[in-house]
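Working notes, beginning with the structure itself.
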Amino acid sequence: MMDLFRPDMYYKSIYDINYMKLKKDGIKCLLFDLDNTIVPPHESKPNRKIHDLFDNLKEQDFKVIIMSNSPKKRLSPFKDELIIDCSAISMKPLKKKFNKILKQYKFDLSQTAIIGDQLITDVFGGNRIGITTILVNPISKKDFKITSINRKLEKIIEAKLDKRSLFKRGEYYD
Ligand SMILES: [Mg+2]
Numbered sequence: 172m173m174d175l176f177r178p179d180m181y182y183k184s185i186y187d188i189n190y191m192k193l194k195k196d197g198i199k200c201l202l203f204d205l206d207n208t209i210v211p212p213h214e215s216k217p218n219r220k221i222h223d224l225f226d227n228l229k230e231q232d233f234k235v236i237i238m239s240n241s242p243k244k245r246l247s248p249f250k251d252e253l254i255i256d257c258s259a260i261s262m263k264p265l266k267k268k269f270n271k272i273l274k275q276y277k278f279d280l281s282q283t284a285i286i287g288d289q290l291i292t293d294v295f296g297g298n299r300i301g302i303t304t305i306l307v308n309p310i311s312k313k314d315f316k317i318t319s320i321n322r323k324l325e326k327i328i329e330a331k332l333d334k335r336s337l338f339k340r341g342e343y344y345d
């Protein structure tokens, strides 16, 4: 059970991920969480850095999709400015939207990775369905209200993972 909370890879940020390695591993579709993965929760637009990263990933032939539990209204400036597909109200860690995306874009589990900052939504959801899960540290200490509840649970899970030598905050691996 605790294994489902352990990310397959753990990096400091989305800018530290070894995308070349993902490519070599056969990953073709990257599902990015939005809040605190791409931007802090209070930022309503993409910045230059994320523009450049996503341009680069698209050039490398990755399918890039923002998969967020936030509503459409929050996602639309990112969808429009970055010219990428978005899945709103994704209800991670539920499997439904993961399945829907895989089916819609015709990717296998082995070709897909989720990248996010939360063990309880992004990592747990991705592991439940069986795609590659990549954890990054949250960009900001600020969270939406619902997330701050998740963070408390996350602390407990992290302590359990640490006890079993499965995961330790700040010890990155891929
Ligand atoms: Mg997040």
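Converting from the sequence shown to this note's numbering requires adding 171 to each position, the first position being numbered 1.
Even for Gly, the Cβ is constructed at its ideal location relative to N, Cα and C.
These figures come from a predicted structure and were not determined experimentally.
Distance between residue j and residue i (C-alpha atoms, nearest Å)
{"i": "L193", "j": "I317", "result": "31 Å"}
{"i": "L337", "j": "R177", "result": "7 Å"}
{"i": "D256", "j": "K234", "result": "9 Å"}
{"i": "I300", "j": "K220", "result": "30 Å"}
{"i": "S241", "j": "K271", "result": "17 Å"}
{"i": "L265", "j": "D232", "result": "28 Å"}
{"i": "I209", "j": "S215", "result": "11 Å"}
{"i": "F278", "j": "Y343", "result": "27 Å"}
{"i": "Q275", "j": "A330", "result": "37 Å"}
{"i": "D187", "j": "K312", "result": "19 Å"}
Test item: CB-CB of residue i and residue j under 8 Å
{"i": "D211", "j": "I310", "result": "Asp is not the amino acid found at residue 211; the sequence shown has Pro there. Contact: yes."}
{"i": "L273", "j": "M173", "result": "no"}
{"i": "L224", "j": "I254", "result": "no"}
{"i": "I302", "j": "L201", "result": "no"}
{"i": "I237", "j": "L280", "result": "no"}
{"i": "K183", "j": "N308", "result": "yes"}
{"i": "N189", "j": "D345", "result": "yes"}
Same chain only: Cβ atoms within 6 Å of residue i, ignoring 5 sequence neighbours per side
{"i": "L290", "result": "F176, E325 and I328"}
{"i": "N298", "result": "L175 and T304"}
{"i": "K243", "result": "A259"}
{"i": "K339", "result": "D333"}
Nearest residue (CA-CA) to residue i, options the options
{"i": "H222", "options": "N240, D251 and N207", "result": "D251"}
{"i": "T283", "options": "I198, N189 and D187", "result": "I198"}
{"i": "G341", "options": "K313, L228 and L306", "result": "L306"}
{"i": "D314", "options": "K263, H213 and N189", "result": "H213"}
{"i": "N321", "options": "S261, T292 and K334", "result": "T292"}
{"i": "G296", "options": "K334, F203 and Y344", "result": "F203"}
{"i": "N207", "options": "S319, A330 and Y344", "result": "S319"}
Other residues of its chain near residue i: CB distance less than 7 Å, five sequence neighbours each side excluded
{"i": "F249", "result": "L205, P217, I237 and C257"}
{"i": "K229", "result": "V235"}
{"i": "S349", "result": "With the chain covering 172 to 345 only, the question about residue 349 has no answer from this structure."}
{"i": "R335", "result": "M173"}
{"i": "S246", "result": "One detail in the question is off: residue 246 reads as Leu in this sequence, not Ser. Counting only Cβ-Cβ distances below 7 Å, and skipping sequence neighbours, we find L205, I237, S239, C257 and A259."}
Burial state of residue i (16 or more Cβ within 10 Å)
{"i": "M180", "result": "buried"}
{"i": "K323", "result": "exposed"}
{"i": "K263", "result": "buried"}
{"i": "D226", "result": "exposed"}
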